[in-house]
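One line per chain: the protein sequences are A and B, in this order. End of the first sequence = 331 in this note's numbering, gap-free, step of one. End of the second sequence = 764 in this note's numbering, gap-free, step of one. Let me begin by presenting the structure, written as structure tokens, before commenting on it.
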Amino acid sequence: MGDLHVMRDDLRPPNPPPTRHLISIGDLAREDVERLLATARTFERSLDREMKKLPTLRGRLVINVFYESSTRTSSSFELAAKRLSADTMSIKASGSAVDKGESLKDTAITLGAYDPDVIVLRHPQIGAPQLVARVTEARIINAGDGKHQHPTQALLDLYTIQEQFGRIEGLHVAIVGDVLHSRVARSNIQALILLGARVTLVGPPSLLPRGIEEMGCESTTDIDVIGSADVVYVLRMQKERMLEGANYVPSLREYTARWGVTPERLRPGQKVMHPGPMNRGVEIDPLVADAADALIATQVRAGLVVRMAVLYDLLTTGPKPVEAEVPMGVA
Amino acid sequence: MLFTKSAPKENLIVRGARVLDPVEGVDAQVDVRIDDGVIAELGSNLPQNSHKVIEGSGLVLAPAFVDPHVHLRTPGREDEETIGTGTQAAAAGGYCAILAMPNTEPVVDSAAVLGALVDQAQKEAQVQVGFLAAISKGQEGSELTEMGELADEGAVGFTDDGRPVVATSLMWRALQYASITDRPIAVHCEDPTLSRGGHMREGVVSAELGIGGWPSIAESVMVERDLALALYESRTLHLMHLSAQASVEALRRAHADGVRATAEVTPHHLVLTDEAVRTLDPNVKMNPPLGAEDDRKALVEALRDGTIACVATDHAPHSREEKEVPFEEAPFGVTGLETAFAALHTHLVDPGLLPLETLLERMSTGPARAYGLERPRIAVGAPANLVLLDPNASWQVTEKGFRSRSANSWLLGKTLKGRVRLTVATGRVVYES
């Protein structure tokens with residue numbers, strides 16, 4: 001049937017420039033991911049210095065547009081841009097023209113008039129980043145589109161695992177919980193498999209989407225399998241995305257009893273991750289969340305350097321080592 | 332039951348075309364003479380007299396098409412389509428008759444609303460239009476409409492299309508009561524408790540994209556239910572826009588049990604699968620959603636073997652701003668009148684998956700019979716309802732080329748092979764390219 005990608009004739013620029021975006025992990029090859037992780041490591045070293053600001057993106061404009069609430073993603077993108085000396089603006093849907101009924105297209109065209117280099121977008125719907133990409137010249141970073149993708153979360157998770165284990169290839173990662181509503185799960189499945197990990201999904205049958213195994217992972221309803229994993233990745237129960245009366249699980253109490261990640265279900269020393277925000281006592285036992293083997297705070301720190309790496313990578317011309325580009329003597 | 336504006340009939344000769352009416356058993360290179368809008372003679376070297384001559388060599392002359400499923404958006408959304416523009420689009424697609432759905436604003440659920448549409452059609456319809464009326468008042472699924480009066484006013488059938496008939500008891504009563512008319516009940520089969528929150532077919536692609544899934548069983552369990560009711564009441568039933576293999580299999584079993592049910596399928600369900608949703612183009616969002624490859628193959632086979640006897644476009648115009656939004660926010664529906672023949676010729680006939688004769692029959696005789704309408708045919712004495720087709724013409728689908736007021740086509744930018752050159756509807760040339 002050929003290429004079915006259809007674009008309105010009048011929205012198509014005559015000679016579309018090869019703008020790079022980060023919308024899905026599927027946009028990346030393994031070497032792209034490895035380059036981004038290496039760049040993040042370089043930035044992590046730069047943050048050990050007393051003067052943490054790098055002049056790399058001086059004069060560049062990064063606009064954060066968040067149509068959904070966020071603490072860690074929005075703050076880490078903003079700080080990442082500032083650490084690289086870019087100008088930043090943050091726009092939230094509430095309190096903006098979105099409240100007055102402005103469409104995403106018109107909001108994007110308005111922001112595009114400021115010639116931003118990057119637009120970081122979080123939106124409750126899949127396809128929103130592509131729509132913004134069509135009507136602006138900016139590079140788009142998807143900071144979460146509905147239940148579809150959250151690629152920088154997956155990259156920071158890979159970075160965290162890589163730093164912890166020294167490798168990703170061959171590790172076994174169990175992703176536990178509400179896969180159906182989780183963009184984090186979808187990005188992580190793709191990213192982990194791209195780098196050679198084995199992925200097992202664990203959860204109630206109604207929250208494991210039919211056909212998800214085609215992405216290259218396994219799935220089971222048996223929580224006991226998490227005991228054999230190298231990393232247990234706990235997903236948040238996304239009550240806000242669940243349809244009322246859909247009966248995905250009879251109750252949170254039963255969910256916790258069956259699929260809660262508790263100390264009893266883990267081996268000593270087993271690493272636990274969670275993208276946050278956590279529902280303590282629902283999908284994760286507080287003892288697990290606060291244990292030394294939890295990498296949750298490490299993930300947040302990784303978020304900063306990984307997002308610096310993504311901004312840097314999109315705004316330089318492409319695959320080349322970062323060392324040559326980051327001036328070490330900073331005024 | 333069909334309405335069009337009155338206009339002078341024409342005198343025409345179509346010369347040298349391959350005349351193909353599979354139901355009449357006609358397949359010959361002959362001239363066709365039309366006197367005052369009626370087919371008068373088939374033969375060679377017919378005298379020209381004062382007739383307008385249309386050169387048809389290399390082309391196929393066939394009975395014009397009948398579309399059993401069109402949304403004309405009138406009354407209420409005339410910014411998206413009117414009876415005038417919708418019937419111009421139909422003419423450009425080779426149709427001589429179309430049936431309009433009643434899910435308008437207001438709903439066609441009373442003789443007054445229907446009467447106003449009939450008046451309007453008699454003023455501006457380029458091709459014949461039949462109107463279906465609602466099964467339930469306001470399509471709210473609780474009270475039956477006054478089917479007797481609506482039939483007298485000209486309703487061609489009854490449907491709550493756009494919505495399913497949720498209550499089994501209402502569907503049962505509708506089948507019983509509609510027997511006082513000779514008009515069919517047509518059903519949009521969807522269990523809304525299963526499809527709720529769904530924007531595409533549940534499956535591998537929805538799992539990967541994280542888009543809410545509309546499972547195929549949402550359709551097939553309702554197909555099974557309605558066929559069981561039709562069997563129990565010994566009533567005919569028309570199943571609209573089937574999309575799932577399980578629905579086709581249920582229909583085949585019901586036919587074997589003697590149920591007189593007809594069914595339709597759309598070009599998009601015959602050509603595309605849920606893989607197309609990976610583009611996130613709102614113009615591949617429709618209800619029922621695009622199925623898996625097994626569904627598509629089953630639909631093509633059912634169309635070939637006659638289990639499904641009708642091609643329906645489910646032409647559903649939407650304004651540009653409604654579709655220029657992220658996929659899940661976009662409304663369901665795509666246009667289809669102007670591309671149906673070309674799409675199916677390109678994707679089914681040209682690759683040898685479906686004989687041209689079968690496609691012509693399913694686009695004309697099948698839909699006419701499902702609604703008890705006189706079928707377009709090429710025979711002396713029949714009203715001239717003809718389409719002249721160029722099977723070899725390649726053309727590109729563009730927004731500017733549409734006569735429809737909307738351009739939400741899944742084929743924008745695509746190149747198709749096979750084109751309508753001329754449409755004659757009730758004895759009048761309504762389209763020529």
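Just so you know, even glycine gets a beta-carbon here, dropped at the ideal spot from N, CA and C. As the structure is a prediction and not an experimental result, all values here were calculated from the model.
Margin query: Among the candidates A:Val173, A:Gly112 and A:Val65, whose CA atom is the shortest distance from the CA of Val135 (chain A)?
Written below: Stepping through the first sequence from its first residue, residue 135 (chain A) is reached at position 135. That would be A:Gly112, whose Cα lies nearest to the Cα of Val135 (chain A).
Notebook entry, point to check: Taking Cβ positions, are Ala710 (chain B) and Glu355 (chain B) nearer each other than 9 Å?
Noted result: Start at 1 with the first residue of the second sequence, and residue 710 (chain B) comes out as number 379. Start at 1 with the first residue of the second sequence, and residue 355 (chain B) comes out as number 24. Closer than 9 Å, so yes.
Checklist line | Limits of the unbroken beta strand (DSSP E) element including Leu525 (chain B) | finding: Within the second sequence, residue 525 (chain B) is the residue found at index 194, counting from 1. Taken as a continuous stretch (DSSP letters only), Leu525 (chain B) belongs to no beta strand (DSSP E), being part of the alpha helix (DSSP H) at Pro523 to Ser526.
Note to self: Let me confirm a value: Tyr255 (chain A) is counted as buried when at least 16 other C-beta atoms fall within 10 Å, else exposed. Which label applies?
What the structure shows: Your numbering for residue 255 (chain A) matches position 255 in the first sequence. Buried, since its Cβ has 16 or more Cβ neighbours within 10 Å.
Next item on the list: Name, going along the chain, the residues of the segment 217–243 of chain A whose beta-carbon falls closer than 8 Å to a beta-carbon of chain B.
Entry: Leu243
Item checked: Neighbouring residues, chain A, relative to Val535 (chain B) (Cβ below 7 Å) -> Your numbering for residue 535 (chain B) matches position 204 in the second sequence. The answer, in chain order, is Gly211 and Glu214.
Margin query: At a cut-off of 8 Å, would you count Val305 (chain A) as near the ligand PLP, judging by its Cβ distance to the nearest heavy atom?
Written below: This structure does not include the ligand PLP; it has no bound ligands of any sort.
Notebook entry, point to check: From Val261 (chain A) to Asp285 (chain A), what does the alpha carbon distance come to, in whole angstroms?
Noted result: In the first sequence, counting from the first residue as 1, residue 261 (chain A) sits at position 261. In the first sequence, counting from the first residue as 1, residue 285 (chain A) sits at position 285. One C-alpha to the other measures close to 6 Å.
Checklist line | Whole runs of the beta strand (DSSP E) within the segment 377–458 of chain B, excluding any shorter than 3 residues | finding: 383–386, 391–394, 396–401 and 426–431
Margin query: DSSP three-state label for Phe77 (chain A), please.
Written below: Here the question's residue 77 (chain A) lines up with position 77 in the first sequence. Helix at Phe77 (chain A).
Item checked: 7 Å Cβ cut-off: residues of chain B touching Arg60 (chain A) -> Here the question's residue 60 (chain A) lines up with position 60 in the first sequence. Under the 7 Å cutoff, chain B gives no residues; its nearest Cβ is about 27 Å from Arg60 (chain A).
Notebook entry, point to check: Are any of the Cβ atoms in chain A nearer than 9 Å to that of Pro613 (chain B)?
Noted result: Position 282 of the second sequence holds residue 613 (chain B). Yes, Pro613 (chain B) counts as interfacial toward chain A.
Notebook entry, point to check: Pro437 (chain B): buried (16+ other C-beta within 10 angstroms of its C-beta) or exposed?
Noted result: The count along the second sequence starts at 1 and reaches residue 437 (chain B) at position 106. Pro437 (chain B) comes out exposed.
Notebook entry, point to check: Beta carbon of Met571 (chain B), beta carbon of Ala623 (chain B): below 9 Å?
Noted result: For this step, residue 571 (chain B) is matched to residue 240 along the second sequence. For this step, residue 623 (chain B) is matched to residue 292 along the second sequence. The answer is no: Cβ separation not under 9 Å.
Notebook entry, point to check: Residues of chain A with CB under 8 Å from Ala538 (chain B), in chain order?
Noted result: Here residue 538 (chain B) refers to the residue found at position 207 of the second sequence. Pro209, Arg210, Gly211, Ile212, Glu214 and Met215, listed in chain order.
Next item on the list: With a cut-off of 8 Å on the beta carbons, I'd call Leu158 (chain A) and Leu201 (chain A) a contact; round off their distance for me.
Entry: As a working note, residue 158 (chain A) is residue 158 in the first sequence. As a working note, residue 201 (chain A) is residue 201 in the first sequence. At roughly 17 Å, the Cβ-Cβ gap does not stay under 8 Å, so Leu158 (chain A) and Leu201 (chain A) are not in contact.
Check: Got a sec: is the Cβ-Cβ distance from Val444 (chain B) to anything in chain A below 9 Å?
Finding: As a position in the second sequence, residue 444 (chain B) is number 113, starting the count at 1. Chain A, which has no Cβ nearer than 9 Å to the Cβ of Val444 (chain B), makes this no.
Margin query: Helix, strand or coil for Trp726 (chain B)? Go by DSSP, reduced to three states.
Written below: Within the second sequence, the letter at position 395 stands for residue 726 (chain B). Strand at Trp726 (chain B).
Check: Is the CB of Glu655 (chain B) under 9 Å away from at least one CB in chain A?
Finding: Position 324 of the second sequence holds residue 655 (chain B). Yes - at least one Cβ of chain A is within 9 Å of the one on Glu655 (chain B).
Check: So what's Ala538 (chain B) in DSSP terms, helix, strand or just coil?
Finding: For the purposes of this step, residue 538 (chain B) is taken as residue 207 along the second sequence, with counting starting at 1. Of the three classes helix, strand and coil, the one that applies to Ala538 (chain B) here is helix, per DSSP.
Note to self: Output needed for Arg336 (chain A): all residues of its chain with C-beta closer than 7 Å, excluding positions within five of it in sequence on either side, in chain order.
What the structure shows: With chain A running from 1 to 331 in the structure shown, residue 336 (chain A) is simply not present.
Next item on the list: Would you be able to state if there are at least three C-beta pairs under 8 Å between the segment 618–637 of chain B and the segment 519–535 of chain B?
Entry: yes
Item checked: Limits of the alpha helix (DSSP H) - the one that Met502 (chain B) falls within -> Your numbering for residue 502 (chain B) matches position 171 in the second sequence. Note, Met502 (chain B): alpha helix (DSSP H), Thr499 to Tyr508.
Next item on the list: Can you tell me the Cβ-Cβ gap for Ile91 (chain A) and Ile63 (chain A), rounded? I've got them flagged as a contact below 8 Å.
Entry: Residue 91 (chain A) sits at position 91 when you count from the first residue of the first sequence. Residue 63 (chain A) sits at position 63 when you count from the first residue of the first sequence. Sure, about 7 Å apart at Cβ, within 8 Å.
Notebook entry, point to check: Residues of chain A with CB under 8 Å from Phe658 (chain B), in chain order?
Noted result: As a position in the second sequence, residue 658 (chain B) is number 327, starting the count at 1. Here the neighbours are Gln125, Ile126 and Gly127.
Check: Which residues in chain A sit within 9 Å of Glu652 (chain B), going by Cβ to Cβ distance?
Finding: Here residue 652 (chain B) corresponds to residue number 321 of the second sequence, with the count starting at 1. Under the 9 Å cutoff, chain A gives Ser103 and Lys105.
Notebook entry, point to check: What residues match up with Leu351 (chain B) in a beta bridge as DSSP calls it?
Noted result: Taking the first residue of the second sequence as position 1, residue 351 (chain B) is located at position 20. B:Asp358.
Next item on the list: State whether the segment 358–374 of chain B contacts the segment 697–705 of chain B, with contact taken as three or more CB pairs (one from each stretch) at a distance under 8 Å.
Entry: no
Note to self: To be precise: take each residue of the segment 42–56 of chain A, compare its Cβ to all Cβ atoms of chain B, and keep it if any distance is under 7 Å. Which residues remain?
What the structure shows: Within the segment 42–56 of chain A, no residue qualifies.
Note to self: Can you check whether the C-beta of Glu712 (chain B) is within less than 9 Å of a C-beta belonging to chain A?
What the structure shows: The residue labelled residue 712 (chain B) in the question sits at position 381 within the second sequence. According to the sequence provided, residue 712 (chain B) is Gly. The question's Glu does not apply to it. Not closer than 9 Å to any Cβ of chain A, the Cβ of Gly712 (chain B) fails to qualify, so no.
Next item on the list: Could you tell me whether the Cβ atoms of Val337 (chain A) and Gly203 (chain A) are closer together than 9 Å?
Entry: Only positions 1 to 331 of chain A appear in this structure, which leaves residue 337 (chain A) out of reach.
Item checked: Closer than 9 Å to chain B by CB, Ala289 (chain A) -> Position 289 of the first sequence, counted from the start, is the residue given in the question as residue 289 (chain A). So no, Ala289 (chain A) is outside the interface.
Check: With C-beta atoms as the reference, is Pro722 (chain B) less than 9 Å away from Lys745 (chain B)?
Finding: For the purposes of this step, residue 722 (chain B) is taken as the residue at position 391 of the second sequence. For the purposes of this step, residue 745 (chain B) is taken as the residue at position 414 of the second sequence. Taking 9 Å as the cut-off, the beta carbon of Pro722 (chain B) is found no closer than this to the beta carbon of Lys745 (chain B).
Check: Relative to the C-alpha of Glu169 (chain A), which residue among A:Arg58, A:Glu34 and A:Glu283 is closest?
Finding: In the first sequence, the residue the question calls residue 169 (chain A) occupies position 169. With distances taken between Cα atoms, Glu169 (chain A) lies closest to A:Glu34.
Checklist line | Same chain, Cβ closer than 7 Å to Pro124 (chain A), neighbours up to 5 away in sequence not counted | finding: Residue 124 (chain A) sits at position 124 when you count from the first residue of the first sequence. These residues qualify, in order along the chain: Tyr67, Glu68 and Gly146.
Next item on the list: Quick one: list the residues of chain A neighbouring Arg527 (chain B), beta-carbon separation under 8 Å, in chain order.
Entry: On the second sequence, position 196 is the one that residue 527 (chain B) refers to. Listed by position along chain A, the residues whose Cβ is nearer than 8 Å to that of Arg527 (chain B) are Leu243 and Ala246.
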